[in-house]
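Colleague: Chain order of the listed sequences is A and B.
Residue 642 is where the first sequence ends in my numbering, and the numbering goes up by one at each step.
Residue 297 is where the second sequence ends in my numbering, and the numbering goes up by one at each step.
For each residue, glycine too, the CB sits at the ideal point set by N, CA and C.
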Amino acid sequence: MSAAPSTAGAPGTRFSRLGLHLPGLALNAVAFLAGLAFWWAITAAKLVVLPGPHEVFVRAIELAVNGQLALDIFSSLKRVLTGFVLGAALAIPVGFLMGWYKIARALIEPYVQFFRMIPPLAVIPLAIVTMGIDEAPKIFVIFLASFLSCVVATYQGVISVDRTLINAARVLGARDRVIFPRVVIPASIPFILVGVRIGLGSAWATVVAAELIAAQSGLGFRMQQAQLYYDLPTIFVSLITIGILGLVMDRLLQAAERRLTSWQERAQ
Amino acid sequence: MTHSKLSFRNVSRRFGEGEKSFLALDRLNLEIADGEFVTVVGPSGCGKSTAMNIAAGLMGVSDGEVLVDGKPVSGPGPERGVIFQQYALFPWLSVRQNVEFGLRIKGLPAAERRRISDHFIGLVGLSDFADALPKTLSGGMKQRCAIARAYAVDPTMLLMDEPFGALDALTRVHMQDQLLDTWSRERRTVFFITHDVDEAVYLANRVIVMAARPGRLHKIIPVDLPAERNEEVRLSKEFAEIRNQVWHSVYHQKPLIEA
Ligand SMILES: Nc1ncnc2c1ncn2[C@@H]1O[C@H](COP(=O)(O)OP(=O)(O)OP(=O)(O)O)[C@@H](O)[C@H]1O
Ligand SMILES: [Mg+2]
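1) Would you decide whether B/Gly140 is buried or exposed? Buried here means 16 or more other CB atoms lie within 10 Å of its CB.
2) Quick one: residues with CB closer than 6 Å to any heavy atom of ligand 3, in chain order, please.
3) Can you list the residues of chain B that A/Glu631 reaches, using a CB-CB cut of under 7 Å?
4) Going by DSSP in three states, A/Val422 sits in which element: helix, strand or coil?
5) Could you tell me the boundaries of the beta strand (DSSP E) in which B/Lys257 lies?
6) Is any beta-carbon of chain A found at less than 8 Å from that of B/Arg118?
7) Who are the Cβ neighbours of A/Gln638 in its own chain at under 7 Å, not counting the five residues just before and after it?
8) Measuring from the CB of B/Ser100, is there a heavy atom of ligand 1 at a distance below 7 Å?
9) Measuring straight from C-alpha to C-alpha, what distance separates A/Pro379 and A/Arg632?
10) Mind reading off the beta-carbon distance from A/Leu471 to A/Ala465? Whole number of angstroms is fine, and I expect it under 8 Å.
11) Name the residue from B/Glu117, B/Leu63, B/Gly73, B/Asn67 whose alpha carbon lies nearest to the alpha carbon of B/Met97.
12) According to DSSP, is B/Ser222 part of a helix, a strand, or is it coil?
13) Which residues bound the alpha helix (DSSP H) around A/Ala478?
14) For A/Arg571, which residues in the same chain have their Cβ closer than 6 Å to its Cβ, ignoring the five residues on either side in sequence?
15) I'd like to check one pair, A/Pro425 with A/Pro555: are the Cβ atoms closer than 8 Å?
16) Leaving aside the five residues before and after B/Ala278 along the sequence, list all residues of the same chain whose C-beta is less than 6 Å from its C-beta, in chain order.
17) Out of A/Leu567, A/Ala583, A/Tyr485, point me to the one whose CA is closest to A/Arg662's CA.
18) For A/Ala651, I'd like the list of residues in its chain whose CB is within less than 8 Å of its CB, leaving aside the five on either flank, ordered along the chain.
19) Report, in whole angstroms, the separation of the C-beta atoms of B/Ile231 and B/Ser50, which I expect to be a contact under 8 Å.
20) Counting only beta-carbon separations shorter than 8 Å, does A/Pro560 have a partner in chain B?
21) Exposed or buried, A/Tyr603, counting other C-beta atoms within 10 Å across all chains shown (16 or more means buried)?
22) Inspect the CB distances between the stretch 41 to 48 of chain B and the stretch 106 to 115 of chain B and report whether three or more fall short of 8 Å.
23) Cβ of B/Ala62 versus every heavy atom of ligand 1: is any distance shorter than 7 Å?
24) Just grab the DSSP bridge partners of B/Asp199 for me.
25) Measuring only between beta-carbons, confirm whether A/Arg551 sits less than 8 Å from chain B.
26) Does the CB of B/Ala89 have a neighbour CB from chain A at under 8 Å?
27) When you compare only the Cα positions, how much space is there between B/Asp101 and B/Leu66?
28) Which partner residues does B/Gly119 have in the DSSP bridge list?
29) Distance, Cα to Cα, A/Arg537 vs A/Pro484?
30) Just confirm the distance between the C-beta atoms of B/Val78 and B/Phe202, as a whole number of angstroms; I'd bet it's less than 8 Å.
31) For chain B, check one thing: does any of its Cβ atoms lie closer than 8 Å to the Cβ of A/Arg596?
32) Ligand 1 heavy atoms versus the CB of B/Ser313: any closer than 7 Å?
33) Using a beta-carbon distance below 8 Å, is A/Val545 in contact with chain B?
34) Locate the alpha helix (DSSP H) running through A/Lys512, then write down its first and last residues.
35) Does the beta-carbon distance from B/Val247 to B/His233 come in below 8 Å?
36) Report the neighbours of A/Leu643 on chain B: residues whose CB is nearer than 8 Å to its CB, in chain order.
Have a look at this one:
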C-alpha cells in the first residue's frame, strides 16, 4: 500500500501537527503531574486510608525485582492474546460469510445477537463447571468476548461496502471471486480494525475478572491474593499495570489502524 | 440498415412494491447505432441514470428488454465502459492502480499495464498525480481519474453519467474535445448523460430528451452539424438553433396527467 503523496500540503500539515500536538502533550504531562500531586496530598494528609505514590512505587520495584510482576504480566498477556487471536481469527471469516451470503447471515445472526447480550463474565461459572479451573475456561471466555465484538464489526463492514464500488469493479470485468479480495476486503478493513480494537479491549477487561475468580497467577490473581492480606500497595501496582498494558495495546492497534487505513478520507 | 449497438425495447423499471411503487422508466424505446454518439438530457429524476444502469447490466428491467449487439444484456461486461455519476474510485488504490484495475483483471502483464495507464493518465492530465490516493484529489481530478480508468480497458461502448459535471469550464471543454477525438478515431458508441444543454448539442449525433414522472422518452433531436466539431461550430447560428430547440424541449415540457 502506497503512503499518502508528499506533494501539496506537506509543510502545512507538519506545521499544524506541531501546533496541535506540542501543547497537547504538555497538557497531558501537566494533568499527569497534577494527579500525582493530588494523590500524594490526600494520602500524606491521611484523608483516605490508601497507600501513597511513594509506597506504591517501592512495591512496584520490589515486585519487578523479584520477578513476580513479570510472571503475572506474562500469564495475563498469554491468556488474553491466545483467546483474542483465536476469537478474531474465527470472527473475521465468519463476519465475511455473514456479510456476503444472505443464507449465512440468516443462520448465524440470531445466535450472535443473542450471545452478545450475555456479558462474557456471566459465562465464567458455566465454563468453570464444564472445563475445570485451569487455563481452558479463562481462554474460552476471552475467546468468546473478542469473537463477539469482532464478528459484528466485520459483518457490519461487509454489508456497508459502497455498492457503487462493487459496481465499478463489475463493469471493469471483475467477477465475485475477484471483487471479494480486491474490493470487499479492503473496503471493510476500517470496520474490522475497529472491531479488533473493541475486541482486544473487552478481552483485556475479561481476563482480569476471570483471574479474580480462579487462577494461580496473573494480575487479577495477584490482586485477589493481596486482598486476602490487606496488601493495598500490591493492589495498586496491579491496577496501574493493567491500565498501562491496556493503554499500550490499544495505542499499538490504533497506530496499526492509522497505517492500514491511511487512504480513508477523514473529516479534519 | 445499420445495425443497432444498443437497443431499449419497451423498457420499464419500477422501484418498490404495490401501492408505494414508483415508475422510474416507462416503456422506453431507443435504438442506438454502432458508432453513434447520443447525449441524454432531461429533468432530474427522469430516469437517465436508471436507463444507463440497465444498459450497463447493473440493474434489471421490470418489463421489456435491452440488447447489446443484438444480444440481451444479462450482466456487466468490459466491452461496456461505465463512468458513474459518483466517481466510484477505489479509495485505497492510487490513481495508477485505479486505472490499471481493469487491466489486471484482463490479465495483462505489468509492462503492458504500465504503458496503457501512462497513456490514459497523461490524456486526462494527471501524470503528476499518478501515485496519489483519491483522497488527495479534487472533485474534477477524481472524475478525470474515473474517465482514464474506463478508457483504459478499451470498451467498444461508453456509458457516461454526467462525466464532466464536476469539471471547471476550461477542463470540461478540453475533455469534450478529447472525447470527440477518441470517438472519431476509434468509433466507439457513446451514451452520454448530461445536464448541460450546450454540451449535449456539441457532442452528439442525436440528443435524447427525456421527461419525468414517469421517466420516459420525450423527444429525439438530430444534430445536423458538421462532423468535425470545434469552436467555430460552437459559435455558429445552426448550433444556437439546435441548442434552443433542446433547451425548449427540456425546460418547457408539458406535464403529463398520469394514469
Ligand atoms: N434504487 C432505487 N430505489 C428507489 N427509487 C429509485 C432508485 N433509483 C432511482 N430511483 C428513483 O427513480 C427515479 C429516476 O432516478 P434516476 O437516478 O434514474 O434519475 P436521473 O434522471 O439520473 O436524475 P439526476 O439527473 O438527478 O441524476 C428517481 O425519482 C429516483 O428517486
Ligand atoms: Mg442520474
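Modeller: With the structure as the only source:
1) Walking along the second sequence from the start, residue 140 of chain B turns up at place 102. That one is buried.
2) No copy of ligand 3 appears in this structure; the ligands present are ligand 1 and ligand 2.
3) Sequence index remark: in the first sequence, residue 631 of chain A carries index 257 (1-based). None at all; the shortest Cβ gap to chain B is about 14 Å.
4) The residue given as residue 422 of chain A occupies position 48 in the first sequence. Coil at A/Val422, not helix or strand.
5) The count along the second sequence starts at 1 and reaches residue 257 of chain B at position 219. Its beta strand (DSSP E) spans residues 254 to 260.
6) Reading the second sequence from its first residue, position 80 is the one you call residue 118 of chain B. Judged by the 8 Å Cβ criterion, B/Arg118 is in contact with chain A.
7) Your numbering for residue 638 of chain A matches position 264 in the first sequence. The beta carbon of A/Gln638 lies closer than 7 Å to those of Pro564 in the same chain, with the five residues before and after it left out.
8) Indexing the second sequence from 1 puts residue 100 of chain B at position 62. Not a single heavy atom of ligand 1 lies less than 7 Å from the C-beta of B/Ser100.
9) Taking the first sequence and counting its residues from 1, one reaches residue 379 of chain A at position 5. Taking the first sequence and counting its residues from 1, one reaches residue 632 of chain A at position 258. Confidence at A/Pro379 is low in this model, with a pLDDT of 40, below 50, so its placement is unreliable and no value can be given for it.
10) Taking the first sequence and counting its residues from 1, one reaches residue 471 of chain A at position 97. Taking the first sequence and counting its residues from 1, one reaches residue 465 of chain A at position 91. Not really, about 11 Å apart at Cβ, beyond 8 Å.
11) Taking the first residue of the second sequence as position 1, residue 97 of chain B is located at position 59. Considering only alpha carbons, the answer is B/Leu63.
12) By 1-based counting over the second sequence, the position of residue 222 of chain B is 184. Three-state DSSP puts B/Ser222 in a helix.
13) Counted from its first residue, the first sequence places residue 478 of chain A at position 104. Segment 476 to 490, the alpha helix (DSSP H) holding A/Ala478.
14) Along the first sequence, read from residue 1 onward, the residue named residue 571 of chain A stands at position 197. Excluding residues within five positions, the ones whose Cβ falls inside 6 Å are Leu627.
15) For the purposes of this step, residue 555 of chain A is identified with residue 181 of the first sequence, where counting begins at 1. For the purposes of this step, residue 425 of chain A is identified with residue 51 of the first sequence, where counting begins at 1. No, these two residues do not count as a Cβ contact at 8 Å.
16) On the second sequence, position 240 is the one that residue 278 of chain B refers to. If the five residues before and after B/Ala278 are omitted, its C-beta is found closer than 6 Å to no C-beta atom of its own chain.
17) With chain A covering only 375 through 642, there is no way to say anything about residue 662 of chain A.
18) Residue 651 of chain A lies beyond the residue range present for chain A, which begins at 375 and ends at 642; the question has no answer from this structure.
19) For the purposes of this step, residue 231 of chain B is taken as the residue at position 193 of the second sequence. For the purposes of this step, residue 50 of chain B is taken as the residue at position 12 of the second sequence. Going by Cβ atoms, the distance from B/Ile231 to B/Ser50 rounds to 19 Å, so no, they are not a contact pair.
20) In the first sequence, the residue the question calls residue 560 of chain A occupies position 186. Yes, A/Pro560 counts as interfacial toward chain B.
21) Taking the first sequence and counting its residues from 1, one reaches residue 603 of chain A at position 229. So A/Tyr603 counts as exposed.
22) Yes, the stretch 41 to 48 of chain B touches the stretch 106 to 115 of chain B.
23) Taking the second sequence and counting its residues from 1, one reaches residue 62 of chain B at position 24. Relative to ligand 1, the beta carbon of B/Ala62 is positioned inside 7 Å of a heavy atom.
24) As a first step, residue 199 of chain B must be located in the second sequence, where it is residue number 161. Paired residues: B/Ile231.
25) Position 177 of the first sequence, counted from the start, is the residue given in the question as residue 551 of chain A. Taking Cβ atoms only, chain B never reaches closer than 8 Å to A/Arg551, which makes this a no.
26) Here residue 89 of chain B refers to the residue found at position 51 of the second sequence. Output row for B/Ala89: interface = no.
27) Start at 1 with the first residue of the second sequence, and residue 101 of chain B comes out as number 63. Start at 1 with the first residue of the second sequence, and residue 66 of chain B comes out as number 28. Between B/Asp101 and B/Leu66, the C-alpha separation is close to 10 Å.
28) The sequence position of residue 119 of chain B within the second sequence is 81, counting from 1. Per DSSP, B/Leu196.
29) For the purposes of this step, residue 537 of chain A is identified with residue 163 of the first sequence, where counting begins at 1. For the purposes of this step, residue 484 of chain A is identified with residue 110 of the first sequence, where counting begins at 1. The straight-line gap from Cα to Cα measures roughly 25 Å.
30) In the second sequence, counting from the first residue as 1, residue 78 of chain B sits at position 40. In the second sequence, counting from the first residue as 1, residue 202 of chain B sits at position 164. Their Cβ separation, rounded to whole angstroms, is 14 Å, which puts B/Val78 and B/Phe202 out of contact at 8 Å.
31) As a first step, residue 596 of chain A must be located in the first sequence, where it is residue number 222. Chain B, which has no Cβ nearer than 8 Å to the Cβ of A/Arg596, makes this no.
32) Examination of residue 313 of chain B is not possible in this model, given that chain B is present from 39 through 297 alone.
33) The residue you call residue 545 of chain A lines up with position 171 of the first sequence. Output row for A/Val545: interface = yes.
34) The sequence position of residue 512 of chain A within the first sequence is 138, counting from 1. Element bounds for A/Lys512: 509 to 533.
35) What you label residue 247 of chain B is simply residue 209 of the second sequence in a count that begins at 1. What you label residue 233 of chain B is simply residue 195 of the second sequence in a count that begins at 1. No. Outside cutoff.
36) Lying outside 375 to 642, the shown extent of chain A, residue 643 of chain A is not represented and no answer is given.
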